[in-house]
Structures are given as C-alpha cells and as structure tokens.
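The block underneath contains the structure these notes are about, expressed in structure tokens.
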Amino acid sequence: MINNKAYVINSPLLIQSALRSKDLSYDPFIQDSSEKLFALDPSTMKILKTPGTLEKPALMDEFNREMHGSMLGEHLDKMTRVALLDIAASVNEIGEAFEAKSLYRWVRSVMTIATTDSLLGSHNPIKADPSLVDLLWDYEGGVTPLLMGIPKYWAPKGYEGRAAVQAALIKYYEAKHDLEPDVAEMTKMRAKVFRKYGITDAETARLEIGFLHVAVSNAIPTCFWLLSFVASSPALTASIRDELMAITTINTLDTGKREAVIDNSKFLSDCPLFVSAYRETIRQISSLVIFRRIMQDTTISDGNSSYLLKGGKDVAIAVGVSHMNPANWGSNVAQFDAERFLHEKEMEKERVPTKAYFPFSGGKHLCPGMHFAFSEILGTSAPLVLGFDIEGTDGTTLKVPKIGRSTMAEAVTKPEGEGLEMGAKFTKRKGWEGVTWRFTLA
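Each residue of the sequence shown is one higher than the last, beginning at 12 in the numbering used here.
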C-alpha cells in the first residue's frame, strides 16, 4: 500500500519523465497488495519479496523481462485469433435481432469468455462453467474492500467470487492444463516462472486470478463505452461504417449464404476515425491512478526545471486529471470528440496533448496487453456497428450513460445505476440479413 508521504504529479511532461525513470517501480505495490488480494500463503509471500542476486534475479524482475515478448508477434496473433473466433461466434448467435436487457452485462459476458479462452485454451474453466463469469466480476468489484482488509461479513461478494474462481483455477493448474499447446504464451510464461521459483500450482492458481482480473477489467468497460458513444451518434455511426466497409470482404459461401470477413490488421491504417473514437473513449473514461515507489533518490525534468524525488517515498499520478485538463485539451475537454485524435500531427507540434495521454501507464510497467485489447475491443465493436442498428430498448437512439466516479483500484470507469441496467436492441441492417461474420489477421 502507499507510504504515508507521496509526490503527486500532474504535469504531463513530468509524468512522462517519471514513468521513464528506472528508479521508480511498481513492484513494491504488487508485493504489498498480493497477500490481501489473493489470500496467499506466507511461504509464497516470502518468495515474492525475496530480493534478487547476480546469480538469480528477483521473481518480479524475471517477470518484467519476459512479459512483453510473450504478448508480441506470433504470440499476440495466436491470442487475437482465439478471441475473435469467440467474438464472431457470439455475434453470429444474435441472428436477425436481439435485445440485451443490460448492454454492459452482455458485452461483459461475451468478452470475458473470449478473453479467458485466449489465455487459458480449451480447458478454460470460465467457459466450462459460465457462472464463473459473474463470480470473476464479483471479485473485480471487491478488490477495494479486499485491499482495505474489510471483513467478509461486510463485503461477501469479493471473498466468495475469489474463492470460487481460485478453486476452478487450482484444478486447472494442478492438472497442468497451462502446458497445452493452445494456451497463450503469457499464461505459460507466468506459470513457468512461478514454478521455477518454487511456488506451488495451488498458489499459482491463487495468484492468477489477478492475471484474469487485469485482462478483463479495463478492456470490457472500454468496449461498452465505445459502443455507447458510437451508437449515440447516427452521423458518427455512418462515418465509421464507411471505414469498416473498406476493410470488409463479402463472400458467398457454397451454401449460398453470405459471409462478411473483417481484416482486423487494418484498423490502424484504414479506420482513422474508428481508432480516434477508441482513443477518445479511453481519454473520457480513464480513472487510472499510477503508483510508483521511489527506489533511490532521483530527479525528473520537464525540460525546463528538474525536481528531486527522495528514495523511499511514493509517486501518485492521477491520469484522469491530465486527461480532463482544459490546459491540455482545450475548452471542449469534457465533450466526447470522436475526431480529436485525427489531428495528432498538429497536436505533436504543440507537444503537450500527446504527452498528456496515458492510456496504458508507462515505462517498464507499460501494459503488455494493450495491443491485444485494441484488437479485441475494435474487433467486438466492428461487426455490431457495421451490421446492426443499435438502439435503446424503446427504439430510440441509444443514450450514453453518465460517466460516474470510480474507485482508486479501477483504471476505467464502469457504468452504474441506470447505465448498468441500460438495455439495447440489435437489429440487422437492411441488406445484411443472413450475413455471418469472420475475422482475418491478413
């Protein structure tokens, strides 16, 4: 947990300098919080906190060295293919029309299965027992009470969700299903490192609920908000549909039915407005607070002035402050502007706006799953926006729910109240009847 004194940094250029510093680390926060979050044995905590030597690096150092490579290249493509296969199947199940009583919960269910499938392979216990989807999200909602040590009596869902998901994961890891060929390289790497350092399979399972939590807790709400922003604007929807048509091929199958194939690799190059809307969504909903421990005295600089940070203290960076500061983004900072990131070259000339955007933390702790999240979020949204009219359950234009407050443990804001319960109707667009969906990474 955070020490009693902390430096709060709001200047975008100082934030960039701090995140680049090798003297600032997130590892102590992982070590300090793990016992409460995952109910770990003392022996496991001792391993997590053991410092490294010249002969054997600390466990967290080995993780940081191995992590990013396991989410790039062929490993990233493998995960993306599995997730998009699941997404396509879910969209194809909609048929010609479908009403989601809660748009958020529907997106949450579809993407939780897809994400965990991509990580855990064909023995994915979350897919085998779909009741674990809600239990995983009960744990997600209970992270703050768990961190604070609030007793189970006052916050039962977090404890019960954790116990249920961990029990399923214990069976998974004790059966060595993580060694199967269809399991993500990231999952394999993590279990391999844990075993190398003497952590049991049962304790690995307890730790890995945190891995699943991170994998789903930010991308899924982001997809919900992106769909809400796009569907709420008929003009924006029409423009994004034009972009998506350029990366979609319509095939006629041997059965005579039509299939729409979306090239997921072309979002960045061919769909600038769609990508800009995605980035603007993150800017609007980001509530991430970045914590770092200062491992030794160090300085940070904004190019004009330098500041000394004393070792042993902490740094707190509230990303939402930077993302919603009119000095960084202009007078329309609170307005969703889907075109805001179309003008990056002009923004770069001013230096500040692009430096004021921190969607995935930074430095050595830059989110390794950001490329996967990008593909999954846009991949989920694309066929829904292109092939369906998305409306409120009363047939009117979908409204964007109020973006409320979040807890300190949440990186993005989740819908609450009416937003959580907001339903949506999906109706196949004229001319798209009978079309099924598939993705390619060509």
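Where is the CB? At the ideal position from N, CA and C, for every residue including glycine.
Endpoints, the alpha helix (DSSP H) within which Leu130 is located: Secondary structure note for Leu130: its alpha helix (DSSP H) is the uninterrupted segment Leu114 to Leu131.
If you measure between the beta carbons of Asn339 and Ala367, is that distance less than 8 Å? Yes, the Cβ-Cβ distance between Asn339 and Ala367 is below 8 Å.
Those residues which DSSP pairs with Trp448 across a bridge: Within the DSSP bridge table, the entry for Trp448 names Ala271 as partners.
Roughly how many angstroms separate the alpha carbons of Arg304 and Ile41, rounded to a whole number? Those two C-alpha atoms are separated by around 11 Å.
Report, in whole angstroms, the separation of the C-beta atoms of Cys234 and Ile388, which I expect to be a contact under 8 Å. Indeed they touch by this definition, with Cβ atoms about 5 Å apart.
Skipping 5 residues on each side, what residues in its chain have a beta carbon closer than 8 Å to that of Arg351? If you ignore the 5 residues before and after Arg351, its C-beta comes within less than 8 Å of the C-beta of Ser287, Arg290, Glu291, Arg294 and Trp340, all in its own chain and listed in chain order.
Pro394 and Val102: beta carbons closer than 8 Å? Yes.
Just checking: is the beta-carbon of His382 within a distance shorter than 8 Å of some beta-carbon in chain B? Chain labels in this structure do not include chain B; a single protein chain is all it has.
Mind checking who Val423 pairs with in its DSSP beta bridge? Ser297, per the DSSP bridge assignment.
Specify the secondary structure class of Ser32 as computed by DSSP and reduced to three states. Residue state, collapsed to three classes: coil.
Quick test of your reading: Val241 and Met122, contact by CB under 8 Å. State the CB separation rounded to the nearest angstrom. Taking C-beta atoms under 8 Å as the contact rule, Val241 and Met122 fail to qualify, at a distance of about 16 Å.
Roughly how many whole angstroms lie between the Cα atoms of Leu397 and Asp281? Looking at the two C-alpha atoms, the distance is approximately 15 Å.
Can you list, in chain order, the residues of its chain with a C-beta nearer than 7 Å to that of Thr248? Leave out the 5 residues immediately preceding and following it. Val241, Ala242 and Val396.
In this structure, does DSSP put Asn75 in helix, strand or coil? Helix, per DSSP.
Kindly list the residues whose CB is nearer than 8 Å to the CB of Asp325, restricted to its own chain and excluding five residues on each side of it in sequence; keep chain order. Counting only residues of its own chain and dropping the five nearest sequence neighbours on each side, Asp325 has a CB closer than 8 Å to the CB of Ile13, Asn14, Lys16, Ala17, Tyr18, Phe302, Arg303, Arg304 and Ile305.
Select from Pro192, Ile137, Trp236 and Thr259 the residue whose C-alpha is nearest the C-alpha of His224. When C-alpha distances from His224 are compared across Pro192, Ile137, Trp236 and Thr259, the shortest belongs to Ile137.
What does the alpha-carbon distance come out to for the pair Ser333 and Thr424? Near 15 Å, if we compare the C-alpha coordinates of Thr424 and Ser333.
Name the DSSP bridge partner or partners of Asn262? Answer by DSSP bridge pairing, in chain order: Glu270.
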